[in-house]
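Chemist:
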């Protein structure tokens, strides 16, 4: 307070006690000296619940990432102080984060809204974007570039060596860690091994649940090769099985020139209700989501969506807007309305990534397509 009194006296200012408290907060905040006190317990609990819920949605073992937990704890402690003091900090990267990491941002948005029910803590999209970077860093940090493989062969050294060479040449991400005799399997440490390839039936009872076992022919048939490649793709990339995409209905709607965002939501509600795809409260959740944080991701694309718990049958409706649609302050040509149930979460992940990868040229190209061609083109992109 003495500092404020000196400023008022020497500079003829009229700074109040509230202003003095705000200065005190920012100085303590800057030097990381602000004591949360008993609120530390709330922050720690909130962070643990956030990480666990994100793990459930994204399907990545975030709880084992100590760096993530420490970074989120440090960041959210400061964010909580800002929220408690009604201090808003602009995030200049929010739009780019939503564009380049849409699935992580949306997963975190759903997590924050879920936690808000009990915590009564409301995070704006700029704060969510800050936190999303920590989760994306965790994903990148733990991304597995190599698939560790052990081979066990019932036959002699010649067959074993030939099999090892054939498997290693299938994909440059395969790392052959060891080639074992069959009798060594039961005593081998598979703690850092992703796949065991065997030429003979083996008892998997005592093997780790995380170890994928494939039985192959000694000469490696086409079917064997497909099995191995399929596992490698599923290990390195988001999992999307063919039957998962077949459970989602796609539809394309060409809209007239004079439509608004309201028209898009009304049309989507009409189509989805007609198909018995959503509950009556779904569209309200989608509108609230849009009001809270725009689903515009750049390049003339928006991805509105609501609460997945209120989806009965998953559908994607693509709205073509030839002359553009004003989406808040942005002009949109393609609207991907995503009504995806929780049961199709892995498909949702791939769909969002595919949409986010579309550039301006792609959007202009898609706008030239007829509805059926556009629909099949998008489905094929998702299946790749």
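Residue numbers (our numbering): 2 to 385. Every residue gets a Cβ at the ideal spot worked out from N, C-alpha and C, and that includes glycine.
(1) Let me know the secondary structure DSSP gives residue 327 once reduced to three states.
(2) Just how far apart, CA to CA, sit residue 161 and residue 205?
(3) Taking the continuous beta strand (DSSP E) assigned at residue 191, which residues delimit it?
(4) Using the C-alpha atoms, what's the distance from residue 151 back to residue 178?
(5) Of the choices 224, 260, 264, 268, whose alpha-carbon is the least far from that of residue 252?
(6) With a cut-off of 8 Å on the beta carbons, I'd call residue 209 and residue 232 a contact; round off their distance for me.
(7) Does the distance from the C-beta atom of residue 319 to that of residue 359 stay below 8 Å?
(8) Can you name the start and end residues of the beta strand (DSSP E) that residue 198 belongs to?
(9) Find the nearest neighbour of residue 127 within the set 54, 349, 83, 286, judged by alpha-carbon distance.
(10) Once you ignore the five residues that flank residue 356 on each side, which residues in its own chain have a CB closer than 8 Å to its CB?
(11) So, under 8 Å CB-CB, residue 236 and residue 148 are touching, yes? Tell me the CB distance rounded to an integer number of Å.
(12) Would you list, in sequence order, the uninterrupted beta strand (DSSP E) runs of no fewer than 3 residues that lie entirely inside the region 270-318?
(13) Residue 52 and residue 140 look like a contact to me (Cβ under 8 Å); what is the Cβ gap, rounded to whole Å?
(14) In or out: residue 404 buried (at least 16 other Cβ within 10 Å) or exposed?
(15) If the criterion is Cβ atoms closer than 8 Å, does the pair residue 164 and residue 219 meet it?
(16) With residue 47 and residue 138 assumed to form a contact (beta carbons below 8 Å), what rounded beta-carbon distance in angstroms separates them?
(17) Quick check on DSSP: helix, strand or coil for residue 241?
Modeler: According to the structure shown:
(1) Taking the chain shown and counting its residues from 1, one reaches residue 327 at position 326. Residue 327: strand per DSSP, three-state reduction.
(2) Indexing the chain shown from 1 puts residue 161 at position 160. Indexing the chain shown from 1 puts residue 205 at position 204. Approximately 21 Å, taken between the alpha carbons.
(3) Taking the first residue of the chain shown as 1, we reach residue 191 at position 190. No beta strand (DSSP E) contains residue 191, which DSSP labels as neither H nor E.
(4) Start at 1 with the first residue of the chain shown, and residue 178 comes out as number 177. Start at 1 with the first residue of the chain shown, and residue 151 comes out as number 150. If you take the alpha carbons of residue 178 and residue 151, they lie about 6 Å apart.
(5) The residue you call residue 252 lines up with position 251 of the chain shown. Selected option, being the one with the closest Cα: 268.
(6) Position 208 of the chain shown, counted from the start, is the residue given in the question as residue 209. Position 231 of the chain shown, counted from the start, is the residue given in the question as residue 232. So it is not a contact: roughly 15 Å between Cβ atoms.
(7) Along the chain shown, read from residue 1 onward, the residue named residue 319 stands at position 318. Along the chain shown, read from residue 1 onward, the residue named residue 359 stands at position 358. For residue 319 and residue 359, no; Cβs fall outside 8 Å.
(8) Working through the chain shown from its first residue, we reach residue 198 at position 197. Unbroken beta strand (DSSP E) run through residue 198: 196-199.
(9) As a first step, residue 127 is located in the chain shown; it is residue number 126 there, counting from the start. The shortest Cα separation from residue 127 among 54, 349, 83, 286 belongs to 83.
(10) If you number the chain shown from 1, residue 356 lands on position 355. Cβ neighbours of residue 356 beyond the five flanking positions: 103, 298, 302, 304, 337.
(11) Within the chain shown, residue 236 is the residue found at index 235, counting from 1. Within the chain shown, residue 148 is the residue found at index 147, counting from 1. Right, the Cβ-Cβ distance comes to about 5 Å (below 8 Å), so this counts as a contact.
(12) 297-299
(13) Taking the first residue of the chain shown as position 1, residue 52 is located at position 51. Taking the first residue of the chain shown as position 1, residue 140 is located at position 139. 13 Å between Cβ atoms; not a contact.
(14) There is simply no residue 404 to check, as the chain begins at 2 and stops at 385 in what is shown.
(15) Your numbering for residue 164 matches position 163 in the chain shown. Your numbering for residue 219 matches position 218 in the chain shown. Their beta carbons are under 8 Å apart, which means residue 164 touches residue 219 by this criterion.
(16) As a working note, residue 47 is residue 46 in the chain shown. As a working note, residue 138 is residue 137 in the chain shown. So it is not a contact: roughly 19 Å between Cβ atoms.
(17) Counting from 1 along the chain shown, the entry for residue 241 is found at position 240. Confidence at residue 241 is low in this model, with a pLDDT of 47, below 50, so the placement of that residue should be treated as unreliable; the coordinate-derived value is given next. In the structure shown, the three-state DSSP call for residue 241 is coil.
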